[in-house]
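A.B. asks: One structure, as structure tokens, below. Some questions next.
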Amino acid sequence: MAIYNYVEDLVYSKILDLLSKKPDMCRCDKCIDDMAALALAGLPVIPYVTPDGGVFRQVQNMTNDKLKIEVATRCIRALETVKNHSKHKKQSDFSRFIPGEK
Ligand SMILES: [Zn+2]
Numbered sequence: 010m011a012i013y014n015y016v017e018d019l020v021y022s023k024i025l026d027l028l029s030k031k032p033d034m035c036r037c038d039k040c041i042d043d044m045a046a047l048a049l050a051g052l053p054v055i056p057y058v059t060p061d062g063g064v065f066r067q068v069q070n071m072t073n074d075k076l077k078i079e080v081a082t083r084c085i086r087a088l089e090t091v092k093n094h095s096k097h098k099k100q101s102d103f104s105r106f107i108p109g110e111k
């Protein structure tokens, strides 16, 4: 049986939501994990057991607006940090190696 962290789910969905509005940003697994790690550091862990069971709904009701605002603020900051200190070269740097692109 897997144990999930509700705050982690919140962070990942917020990051994907923010990235959908920022087409210039890298969205590879590495960058998304970096953003999530940055955003999650210092946040509480809210464990739940099943992704679709009653425990999850209870957790959702438990989650207050303050935590959601905190998650959003941290995600925006994490996006900026990863954007400025990306651990790999930008995708566009490699575009010249792709046949057909100039
Ligand atoms: Zn990346």
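In short: position in the sequence shown from 1, add 9, done, that's this note's numbering.
Glycine is no exception: its CB is placed at the ideal position from the N, C-alpha and C atoms.
If you're wondering where the values come from, they're calculated on a predicted model, not measured in any experiment.
Given this structure, state the Cα-to-Cα distance separating isoleucine 12 from leucine 28, to the nearest angstrom.
C.D. replies: 26 Å
A.B. asks: Isoleucine 55 lies in the alpha helix (DSSP H); which residues open and close that run?
C.D. replies: No alpha helix (DSSP H) contains isoleucine 55, which DSSP labels as neither H nor E.
A.B. asks: Please return the same chain residues whose Cβ sits closer than 8 Å to the Cβ of glutamate 79, not counting the five positions on each side in sequence.
C.D. replies: Result list for glutamate 79: Leu52, in chain order.
A.B. asks: Starting from serine 22 and walking both ways along the alpha helix (DSSP H), at which residues does that stretch end?
C.D. replies: Under the DSSP assignment, serine 22 falls in the alpha helix (DSSP H) whose first and last residues are 15-28.
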